[in-house]
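Just so you know, we're using my numbering here: the sequence shown kicks off at 2 and counts up by one.
Glycine is no exception: its CB is placed at the ideal position from the N, C-alpha and C atoms.
All remarks here apply to the structure that follows.
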Amino acid sequence: MSNPFRGSDVAVDNISSEDLEAFDVFMKEKMEKLQETFAEMDAIAATGDEALWEERFGYMSKPHALPDGDTLLTTGVELPYSFCQLCSKIFAEDIQNSNSWIPAISDRYPHHDCLENLHSAASSGCPLCRLLWMNIANNFSFTSGQSFDKQSSSKIPFQYLTYSISKEKNNPLQTYLLNFVYTGNDAGNNYDKVRKLQLCIIPKSDPQYVLHGGPVAPNTASDSTFAFAAACIQTCEQMHSKCSKASSNTWKPTRLIDIGPAGERVEPKLLLTLNIADPISYASLSHRWGSAKMFQLTSKNLECLQLEIPLQELSKVFQDAFVACKKLGMRYIWIDSLCIIQDDSQDWGKEAARMKDVYSHAKFNISATGAMTGDDGLFFDREAIALEPFVFDLSQSERSTTWKPGSYRLLDPSMWSSNVSRAALNQRGWVLQERVLARRILHFCGEQLFFECHELDACEMFAKGLPTSRIFRYRDLGASSNGHFKRPD
């Protein structure tokens with residue numbers, strides 16, 4: 002079956018509706034051929050003829066053997082690592098290398114034809130489909146959990162997936178990029194949106210990918226998550242001159258929230274710092290106000306909040322921020338709605354002028370990056386694949402020259418941009434100011450904790466810093482040539 006677009010130079014961002022409709026026909030034809038292959042696989046598997054299976058399909062990738070009991074962590078479900086049939090097919094074909102970051106439509110091959118099928122494969126344990134599903138869900142602020150809600154997922158403009166292969170240039174090791182494109186009919190039947198995402202397949206022996214190691218806790222409130230946060234803060238304090246010189250031990254905000262010493266269960270209260278001579282170390286918080294009514298500091302409750310702040314009246318983000326401070330040994334935190342008198346324009350004007358100092362002098366800033374509302378909190382359940390890349394082995398294939406034999410890791414190179422840069426919180430103007438001014442930021446995201454300072458960007462998966470490879474250079478507001486977020490010296 003020939004591809005009518007083979008050899009054309011149609012770029013992904015300039016595809017006409019006529020091209021897409023024609024390519025849709027081509028993909029349906031190819032999907033029919035894939036179904037024939039799958040039917041043959043099922044028939045041979047039913048006979049139990051291992052020799053015939055090896056002869057016909059032995060070239061396909063074999064899942065990496067896991068330790069006994071090691072499964073993909075999900076909500077109440079244990080799933081084994083195993084490629085679905087479509088993903089196995091990727092490693093079976095002799096796929097043309099596109100040699101482009103945005104491959105032409107002629108270089109693309111069909112994948113899942115609807116969102117429900119993609120979710121089904123992800124829920125069945127296919128690691129590649131799980132990463133695709135998590136990426137799409139993140140981009141549309143849609144839950145990546147086990148249940149599939151057709152009504153909620155209808156907001157995701159998805160018609161079908163295609164993929165292509167390209168290779169990282171100037172890398173002596175064989176690093177592949179799986180370039181996925183999914184199209185949607187946002188307005189009737191017009192194919193007006195083409196969205197791209199990438200996964201990378203990296204040799205396990207590549208030394209630049211230093212992974213966290215150790216077990217993966219099923220929630221971002223785990224001790225291992227906070228051990229990573231504490232280590233990043235300590236390293237930054239001791240070794241990063243750019244981050245340390247922005248601080249002054251003598252400056253302090255007008256008001257702080259006192260959550261009590263570590264290890265003690267006390268009610269939080271508002272602290273006035275005017276008559277405190279000693280230096281105060283504190284954290285700050287970046288969060289979305291949202292449309293829901295939020296408990297605030299006012300001229301009417303100013304005195305009573307100095308005795309006690311009613312914890313039950315606070316949003317889950319605020320309560321979780323107190324938990325995070327306790328775990329990191331921080332007694333004081335600054336939160337705008339609780340430290341600025343909201344119904345006093347004079348106080349508001351005075352404190353707004355001090356915002357630069359509030360964030361630049363905080364020891365670290367807690368960012369509710371993964372929360373859409375205050376009720377979401379900072380902590381989320383997660384899957385092991387978010388931190389522990391799937392490892393698989395490719396054997397020599399007689400039918401494909403695309404892949405070299407070896408052991409590979411499957412990674413999402415857009416983890417920073419999809420979790421941090423494109424997070425709803427970081428699209429707000431005032432949060433950009435907070436992010437630029439803060440010396441250290443703990444981004445509590447849906448899958449893992451990300452750390453950001455003037456000299457380092459890291460996450461739980463890459464605790465020593467994100468890889469320097471070109472494929473991991475994320476785009477961000479004001480990003481410098483090496484991908485790091487620019488801040489004033």
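Quick check on this structure: which residue in Met462, Leu467, Glu456 and Pro269 has the alpha carbon closest to the alpha carbon of Ile234?
Position 233 of the sequence shown, counted from the start, is the residue given in the question as residue 234. Comparing Cα positions, the closest option is Glu456.
Nearest by alpha-carbon distance to Arg441: which of Ser83, Asp394, His362 and Arg131 is it?
One-based indexing of the sequence shown puts residue 441 at position 440. Scanning Ser83, Asp394, His362 and Arg131 for the CA closest to the CA of Arg441 turns up His362.
Where does Leu312 land, buried or exposed, given buried means 16+ other C-beta within 10 angstroms?
By 1-based counting over the sequence shown, the position of residue 312 is 311. Under a 10 Å Cβ-count criterion, Leu312 is classified as exposed, with fewer than 16 other Cβ atoms of the shown protein chains found around its own Cβ.
C-alpha gap between Met416 and Asn136, whole angstroms:
As a position in the sequence shown, residue 416 is number 415, starting the count at 1. As a position in the sequence shown, residue 136 is number 135, starting the count at 1. If I take the Cα positions, the gap works out to 8 Å.
Could you have a look at Trp349 and say whether DSSP puts it in helix, strand or coil?
Taking the first residue of the sequence shown as position 1, residue 349 is located at position 348. Helix.
With a threshold of 8 Å (Cβ to nearest heavy atom), would Ile234 be considered close to the ligand FAD?
Among the components of this structure there are no ligands whatsoever, and the ligand FAD is therefore not found.
Could you pull the start and end residues of the beta strand (DSSP E) that Asn366 belongs to?
The count along the sequence shown starts at 1 and reaches residue 366 at position 365. Unbroken beta strand (DSSP E) run through Asn366: Phe365 to Ser368.
Grouping DSSP H, G and I as helix and E and B as strand, with all else coil, what is Leu273?
Reading the sequence shown from its first residue, position 272 is the one you call residue 273. Strand at Leu273.
Please report the distance separating the alpha-carbon of Leu275 from that of Arg256.
Here residue 275 refers to the residue found at position 274 when the sequence shown is read from its first residue. Here residue 256 refers to the residue found at position 255 when the sequence shown is read from its first residue. One C-alpha to the other measures close to 8 Å.
Need the endpoints of the beta strand (DSSP E) that Met124 sits in, please.
Translated into the one-based positions of the sequence shown, residue 124 becomes position 123. According to the sequence displayed, residue 124 carries Ser and not Met. Note, Ser124: premise wrong, no beta strand (DSSP E); alpha helix (DSSP H) at Leu116 to Ser124.
Between the C-alpha atoms of Met240 and Gly466, what's the straight-line distance to the nearest angstrom?
Walking along the sequence shown from the start, residue 240 turns up at place 239. Walking along the sequence shown from the start, residue 466 turns up at place 465. Cα to Cα, Met240 sits roughly 14 Å from Gly466.
Give me the residue from Lys301, Asn118, Leu212 and Lys327 with the minimum Cα distance to Arg266.
Residue numbering aside, residue 266 sits at position 265 when the sequence shown is read from its first letter. Of the listed residues, the one whose Cα sits closest to Arg266 is Lys327.
Based on DSSP bridge pairs, tell me the residues matched to His444.
Counting from one through the sequence shown, the residue named residue 444 turns up at place 443. Beta-bridge pairing links His444 to Ser368 and Phe451.
So, under 8 Å CB-CB, Glu461 and Leu388 are touching, yes? Tell me the CB distance rounded to an integer number of Å.
Sequence index remark: in the sequence shown, residue 461 carries index 460 (1-based). Sequence index remark: in the sequence shown, residue 388 carries index 387 (1-based). With a Cβ gap of about 5 Å, Glu461 and Leu388 count as contacting.
Anticipated Cβ contact below 8 Å, Arg436 with Thr374, distance rounded:
Taking the first residue of the sequence shown as position 1, residue 436 is located at position 435. Taking the first residue of the sequence shown as position 1, residue 374 is located at position 373. Approximately 20 Å separates the beta-carbon atoms of Arg436 and Thr374; this is outside 8 Å, ruling out the contact.
Would you say Pro269 and Ile258 are within 9 Å of each other, going by their C-beta atoms?
Along the sequence shown, one-based indexing puts residue 269 at 268. Along the sequence shown, one-based indexing puts residue 258 at 257. Pairing Pro269 with Ile258 gives a Cβ-Cβ distance under 9 Å.
Among Thr251, Ser300, Phe296 and Thr299, which residue has its Cα nearest to the Cα of Tyr283?
Here residue 283 refers to the residue found at position 282 of the sequence shown. Measuring from the Cα of Tyr283, the nearest candidate turns out to be Thr251.
Taking a contact to mean a Cβ-Cβ separation below 9 Å, would you say Leu133 touches Leu200 in this structure?
Position 132 of the sequence shown holds residue 133. Position 199 of the sequence shown holds residue 200. Taking 9 Å as the Cβ cut-off, Leu133 and Leu200 qualify as a contacting pair.
Exposed or buried, what is Ser419 when buried is set at 16 or more other beta-carbons lying within 10 Å of its beta-carbon?
Reading the sequence shown from its first residue, position 418 is the one you call residue 419. When all chains shown are included, Ser419 counts as buried.
Within 10 angstroms of its Cβ, does Asn220 collect 16 or more other Cβ (buried), or is it exposed?
The residue given as residue 220 occupies position 219 in the sequence shown. Around the beta-carbon of Asn220, fewer than 16 other beta-carbon atoms lie within 10 Å, marking it exposed.
In this structure, how does DSSP classify Asp490 when only helix, strand and coil are distinguished?
For the purposes of this step, residue 490 is taken as residue 489 along the sequence shown, with counting starting at 1. Confidence at Asp490 is low in this model, with a pLDDT of 39, below 50, so the placement of that residue should be treated as unreliable; the coordinate-derived value is given next. In this structure, Asp490 counts as coil in the three-state DSSP scheme.
Measuring CB to CB, does Ser125 end up less than 9 Å from Cys85?
Within the sequence shown, numbered from 1, the residue matching residue 125 stands at position 124. Within the sequence shown, numbered from 1, the residue matching residue 85 stands at position 84. Yes, these two residues count as a Cβ contact at 9 Å.
Roughly how many angstroms separate the alpha carbons of Pro204 and Leu129, rounded to a whole number?
One-based indexing of the sequence shown puts residue 204 at position 203. One-based indexing of the sequence shown puts residue 129 at position 128. So the two alpha carbons sit approximately 16 Å from each other.
Please return the same chain residues whose Cβ sits closer than 6 Å to the Cβ of Ser368, not counting the five positions on each side in sequence.
Taking the first residue of the sequence shown as position 1, residue 368 is located at position 367. So the qualifying residues of the chain are Ser287, Ile442 and His444.
In DSSP terms, what Tyr110 is bridged to:
Numbered from its first residue, the sequence shown carries residue 110 at position 109. Paired residue(s): Tyr164.
Look at the alpha carbon of Leu298 and the alpha carbon of Lys243, and state the distance between them as a whole number of angstroms.
Within the sequence shown, residue 298 is the residue found at index 297, counting from 1. Within the sequence shown, residue 243 is the residue found at index 242, counting from 1. Going from the Cα of Leu298 to the Cα of Lys243 covers about 34 Å.
Reduced DSSP secondary structure (H/G/I, E/B, other) of Gln530:
Look at the range of the chain in this structure, 2 to 490, and you will see that residue 530 is not part of it.
Rounded to the nearest angstrom, how far is the Cβ of Leu438 from that of Tyr360, given a contact under 8 Å?
Counting from 1 along the sequence shown, the entry for residue 438 is found at position 437. Counting from 1 along the sequence shown, the entry for residue 360 is found at position 359. With a Cβ gap of about 4 Å, Leu438 and Tyr360 count as contacting.
How would you call Glu314, buried or exposed, if buried means at least 16 neighbouring beta carbons within 10 angstroms?
Here residue 314 refers to the residue found at position 313 when the sequence shown is read from its first residue. Burial state of Glu314 is exposed, judged by a 10 Å Cβ sphere holding fewer than 16 other Cβ atoms.
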